[in-house]
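Trainee: In UniProt numbering, the protein residues as written are 1 to 731.
Ideal placement from N, C-alpha and C gives every residue a C-beta, glycine not left out.
Can you keep this structure in mind? I'll have questions shortly.
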Ligand code: ADP
Ligand code: ZN
């Protein structure tokens, strides 16, 4: 096997580094030699950088000047399948390999020597005098069958002071040892009894378990209404994977990665799995990376970048809430974790399960075409039934100026308050008011660096640009006409809605859930779990409440502006609105009590709103698919966005025009280029943004054509060019 390829000391090797040089560099193999795939530290100029032995050297570098690899790192070498995955992902997303390697090594301290710490075991001697506390320490060690603990763990475990433990060490009853700091994860036991599945669930679980046992690649779309038990079903697929001795990965949208979810996994397998997300500590990340690489972590629960962990024997990837737009990484390497999961699984003969109540049109189409297996769970578990969904026709409701909760919605909320149940008001707008206007001259306060209006955040008492994050104080004098005292907020944000709810229901406990109101993801998650236990009567939330939280007492969802998402020119506007509304509505009535969802709309006869209300999902997808097919857009055609940006508008446009004129490589595959045109957000952080859009038929070598097309571009000064394959957002 090529993985075993060995290079003797002094032989010429090619090293891929994490530095932005678009080539593999030649070095001499270090003393003791090295295998292909080994992680190494190499000198580069005055620095030492991380790299991987990629293969034999290119040989085009003067061998007299060749430097030696400093050392081989004490981590598992990169496997052949990982290297293929990174190469294929780089080709697909048109990303340099060095950036892919950076993604795959995002753990701190990889090049540090394995760090050690002091642990204690039972020693040979008996304590001079047996006290109660001493006996407890020794009993604790015995209970854990010879495991070693740090002094702190041991004193906590036994419930004694640290001095008791120290005393036992001194007397030789405890023995000190050095052990690696990064401990393996506790063993997960797939044989523990899971929940008793319903017939539907058991059938789906059986199909997945068989697929996993086949040891071959395959993708399954697991579609099931919220609360139907998709998680229970895919945990059985995980069990089957663990039984086969392979590793499993569960991908969740970052915000859905809650303590509640981890508790469920722990209940099923008897121990906590490895966790990988932006909130994890540096030490934890390093431990996950190393243990995954050694095969000492059987299951990882993680956000999208966990796809790039060095699994040794990956057998199953679950992508939960697969339609979620946060799976698309929107800066740095532009990849879609859902698509990359399928690619990675294909490289290592693993199964993929895409779980969702409202799949993406891409996955729905792949299932229709027979590329993916499809499993459906149609009923909610137990007594829970799907909420009753209705529109509130806003044209016939009487609302006072600057209020947004209609009388119909208000009376539904009153009923919940009387019964001690929870209501959720959904509005996908952060801040207090989206626009601040001068009532004298009509000026709207805009960001100085972006083509965007500034949003008032009353909680912080400032205006904020949601593009670049710039803030400024609320002006009392109009920046344009200089009239004083005429600045006024227009339209509702979630904070303003909170004020309205508080004035309508002064005695209710109101919780506003918006990511920017919490100092950390952890604080937000804690608040969410308090609310789930009933510590609020009315919950107001932005998009983040749509994601996988379980509020058992919630029986009413009110959507303040169901038309909001329909206005965009985005090709996925209808799909997104459909998914979001169904997801939000799915929050209601998850336990025994039936739920109700009310959608405030000025156009209740709009086909998308109708489809949401009737729940005719297949009908909606068929219609949406037909429209996309007719237009030749994804998933029936291919697209790529090219974003050019720079401080000088004329220069950015010149580059755009030059690209549009020299479109030979694109025409050779029958692709068309549109633009250049100012991007929908024409300026961000003082940089002008211009877009080109490439459209092509399915099945043509799009990436190859784009590479040839942009290759002659010389990016002078601060000009930047970014390629976004399969763009999700058109901003
Ligand atoms: P989904 O992932 O489809 O939203 P979950 O797996 O979270 O659904 O299930 C919804 C709720 O119903 C959870 O609290 C879950 O524990 C419970 N549940 C689902 N199936 C079963 C079952 N067979 N036995 C007991 N509880 C179940
Ligand atoms: Zn800005």
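#1: List the DSSP bridge partners of residue 26.
#2: Report the partner residues of residue 438 according to the DSSP bridge assignment.
#3: Beta strand (DSSP E) containing residue 426: first to last residue?
#4: Tell me the rounded alpha-carbon separation between residue 245 and residue 185.
#5: Of all the options 726, 70, 525, which has the alpha carbon lying nearest to the alpha carbon of residue 260?
#6: Pull up the distance between the alpha-carbon of residue 450 and that of residue 649, whole angstroms please.
#7: Taking Cβ positions, are residue 37 and residue 15 nearer each other than 9 angstroms?
#8: Going straight from the alpha carbon of residue 444 to that of residue 311, what length do you get?
#9: Tell me whether residue 279 counts as near the ligand ADP, meaning its Cβ is closer than 8 angstroms to at least one heavy atom of that ligand.
#10: Return the residue from the list 518, 479, 494, 536 that minimises the CA-CA distance to residue 507.
#11: Taking the beta carbon of residue 389 as the centre, do at least 16 other beta carbons fall within 10 Å, making it buried, or is it exposed?
#12: Closer than 6 angstroms by C-beta to residue 1: which residues in its own chain qualify, once you throw out the five before and the five after it? Chain order, please.
#13: Could you tell me the alpha carbon to alpha carbon distance between residue 467 and residue 685, rounded to whole angstroms?
#14: List in chain order the residues whose CB is within less than 6 angstroms of at least one heavy atom of the ligand ADP.
#15: Between which two residues does the beta strand (DSSP E) harbouring residue 657 extend?
#16: If we count the other Cβ atoms within 10 Å of its Cβ and call it buried at 16 or more, is residue 130 buried or exposed?
#17: Determine the direct distance from the alpha carbon of residue 430 to that of residue 715, and round the result to whole angstroms.
#18: Where do the ends of the alpha helix (DSSP H) carrying residue 584 lie?
#19: Please look up how many angstroms separate the CB atoms of residue 102 and residue 174, rounded, as I've assumed it's under 8 angstroms.
#20: Where does residue 305 land, buried or exposed, given buried means 16+ other C-beta within 10 angstroms?
#21: Please report the distance separating the alpha-carbon of residue 394 from that of residue 464.
#22: Over the uninterrupted beta strand (DSSP E) stretch that includes residue 42, give me the two end residues.
#23: Compute the beta-carbon to beta-carbon distance between residue 459 and residue 517, rounded to the nearest angstrom, for a pair I have assumed lies under 8 angstroms.
#24: Let me check understanding here. Comparing Cα to Cα, which of 60, 41, 72, 469 lies closest to residue 32?
#25: Since residue 631 and residue 620 are thought to touch, with beta carbons under 8 angstroms apart, how far apart are those beta carbons, to the nearest angstrom?
#26: By a C-beta neighbour count over all protein chains shown, 10 Å radius and 16 as the cutoff for buried, is residue 399 buried or exposed?
#27: Leaving out five residues before and five after residue 707 in sequence, what residues of the same chain have Cβ atoms less than 6 angstroms from its Cβ?
#28: Would you mind reading off the limits of the alpha helix (DSSP H) that contains residue 404?
#29: Taking DSSP's pairing of strands, which residues face residue 222 in a bridge?
#30: Do residue 387 and residue 565 have their C-beta atoms closer together than 9 angstroms?
#31: Any chance the region 407-422 sits against the region 646-662, with 3 or more Cβ pairs inside 8 angstroms?
#32: Kindly indicate which three-state DSSP category residue 743 falls into: helix, strand or coil?
#33: Cα-Cα, which of 454, 502, 470 is closest to residue 490?
#34: So, at 7 angstroms on beta carbons, what are the nonlocal neighbours of residue 266 in its own chain, with the 5 sequence-adjacent residues on each side left out?
#35: Hey, how far is the Cα of residue 598 from the Cα of residue 577?
Mentor: The structure says:
#1: 14
#2: 487
#3: 422-426
#4: 15 angstroms
#5: 525
#6: 13 angstroms
#7: no
#8: 52 angstroms
#9: no
#10: 536
#11: buried
#12: In this prediction, residue 1 scores a pLDDT of 44, lower than 50, which makes its location untrustworthy; no coordinate-derived value is stated.
#13: 8 angstroms
#14: 195, 196, 197, 198, 201, 224, 226, 227, 228, 229, 230, 231, 232, 381
#15: Segment 649-661 is the alpha helix (DSSP H) holding residue 657; no beta strand (DSSP E) there.
#16: exposed
#17: 37 angstroms
#18: 573-585
#19: Not confirmed; about 44 angstroms, so no contact.
#20: buried
#21: 30 angstroms
#22: 39-44
#23: 6 angstroms
#24: 72
#25: Their Cβ separation, rounded to whole angstroms, is 17 angstroms, which puts residue 631 and residue 620 out of contact at 8 angstroms.
#26: exposed
#27: none
#28: Here residue 404 belongs to no alpha helix (DSSP H), and DSSP marks it neither H nor E.
#29: 355, 375
#30: no
#31: no
#32: What is shown of the chain runs 1 to 731, which leaves residue 743 out entirely.
#33: 454
#34: 272
#35: 15 angstroms
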